[in-house]
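For this note's numbering, count along the sequence shown from 1 and bump the result up by 10.
Every residue, glycine too, gets a C-beta built ideally from N, C-alpha and C.
Quick caveat: nothing in here was measured; it's all calculated off a predicted structure.
Notes for the one structure printed next.
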Amino acid sequence: MATRTNGAPEFPLGNSPLLHVFFVALWAIWAALVVHEYVGDGLGMPAFLLALMLGVLFGVALFALFTRTEGGGKAKQLYDDAPLGQRIGITVVLLAPLLALAYGLSTVGVSTVLFQVAFISAVVGHHQAKFASAYAHPQ
């Protein structure tokens, strides 16, 4: 996590809770636009909502893994201490299974929109869990 100022970490969107509410509102608007565009054209509302919620839960679970377990803490520390070239390499290696999963789902007939919804929801869930944890337990 970034360095702490005034007992709270610095976030890309700033430290104001209003900015994080805006982030969640933006996510909700994006979800509504995806529903308007894709739900009904072979993508049902229950599948969309399931992908949305499972993505958020996966993001929160990843945050818990990296902050509450010893192995996750070591992995995060190794990544944070790595030079930029190694960080890029790690990112590419970790993106390969995600791309393979997306390709595999598309060949099986599962909509890639569901994968995109789950992925973006996981990012939102991770970000909001990090924000909530920082403000619940300032050090």
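- Message: If I measure Cβ to Cβ from Lys-86 and keep anything under 7 angstroms in the same chain, skipping five residues before and after, which residues do I get?
- Response: Cβ within range, chain order: Phe-76.
- Would you call Leu-28 buried or exposed, if buried means 16 or more other Cβ atoms sit within 10 Å of its Cβ? Residue environment for Leu-28: exposed (fewer than 16 other C-beta atoms within 10 angstroms of its C-beta).
- Item | Beta-carbon contacts of Val-133 that lie in its chain and below 7 angstroms, excluding the five residues immediately before and after | Contacts found: Gly-69.
- C-alpha distance - Ser-143 paired with Val-44, whole-angstrom precision: A direct Cα-to-Cα measurement between Ser-143 and Val-44 gives close to 29 angstroms.
- Query: Which same chain residues, not among the five before or five after Leu-115, have their C-beta less than 7 angstroms away from its C-beta?
  - Reply: Counting only Cβ-Cβ distances below 7 angstroms, and skipping sequence neighbours, we find Thr-122, Phe-125.
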